Amino acid sequence: MFKTQAETLEFLQEFKPQLDETPDDREVLLCVPFTDLAVLSKNLHGGRIQVGAQNVHWAESGAFTGEISAAMLQELSVRYVVIGHSERRQFFGETDETVNLRLKAAQKAGLKPILCVGESKQQRDAGETEAVIFKQLELGLVGVDQENLVIAYEPIWAIGTGDTCDAIEANRVIGLIRSKLTNPNVTIQYGGSVKPENVDEIMAQPEIDGALVGGASLDPKGFARIVNYV
């Protein structure tokens, strides 16, 4: 929940020029609050930066005050949507079952969902990391097309804490996630205190295909350095 429309335009003015040398095969995606989608879409039309939303409801319409449908996102040229982010699960009652409904609704509408999975500090300390994530995948992916999907592994204990998951450990968990999929070519990202200082090591890992960047994405210069990892 960051940036007004005016702040979004300021961000773009500083961010876009720093992508001139970014390799063409890198996908750059901004998943922003609903109120910023229109101004972002308008100013990025035809460019290399793609637009994503932070959530979508499973119904096409109805009495769901405060929710947004897939059709509403499509109208703004949104192509991606984050689903099941740990903050939605932690603060807003999201469950594996509602995550599944949102995933299927997004795909039905032609959006590409980014499914977030990950364990808490308490679960990791109890040795439950694999069991928790495998259950999230099992329940979340029922009836979901794995050919139109991105997965983000975000260990909850590493989000916004500055306590990054060791790159080798992140690679191990993402490899386990991949082993549970019917489509091993799904793009799997790591998210959790990704910063300019650690992105090179993270992206050097063979199983990690990308980064889901939180707080570090708010600074256009720092985020550009993450996009332009070496």
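Numbering (full-length UniProt numbering), first residue to last: 1 to 230. Here a beta-carbon is modelled for each residue, glycine too, at the ideal position from N, C-alpha and C. Since the model is a prediction, treat every value here as computed from it, not as a measurement.
- For residue 115, the uninterrupted beta strand (DSSP E) segment begins and ends at 112-117.
- Taking the C-beta atoms as reference points, residue 55 is found nearer than 8 Å to residue 82.
- Relative to the Cα of residue 15, the nearest Cα in the group 129, 47, 38 belongs to 47.
- The DSSP-derived three-state label of residue 81 is strand.
- The Cβ-Cβ distance between residue 36 and residue 3 falls below 8 Å.
- Contact fails between the stretch 60-77 and the stretch 114-134, because fewer than three Cβ pairs, one in each stretch, are under 8 Å apart.
- With a 10 Å radius around the Cβ and a threshold of 16 neighbouring Cβ atoms, residue 110 comes out exposed.
- Looking only at 74, 21, 32, 22, the smallest Cα-Cα distance to residue 5 is reached by 32.
- Taken through DSSP and simplified to helix, strand or coil, residue 189 comes out as strand.
- Residue 58 is positioned such that its CB atom lies no closer than 8 Å to that of residue 124.
- Of all alpha-carbon atoms in 150, 86, 203, 190, the one lying nearest the alpha-carbon of residue 212 is that of 190.
- Scanning the stretch 124-201 for uninterrupted beta strand (DSSP E) segments of 3 residues or longer gives 150-153, 187-191, listed from N- to C-terminal end.
- When the five nearest sequence neighbours on each side are left out, the beta carbons in the same chain lying within less than 8 Å of the beta carbon of residue 222 are those of 195, 196, 216, in order along the chain.
- Rounded to whole angstroms, the separation of the alpha carbons of residue 53 and residue 77 is 10 Å.
- One thing to note: residue 151 has its Cβ no nearer than 8 Å to the Cβ of residue 202.
- The beta carbons of residue 79 and residue 39 sit no closer together than 8 Å.
- Excluding residues up to 5 positions away in sequence, 107, 112 lie with their Cβ nearer than 6 Å to the Cβ of residue 148 in the same chain.
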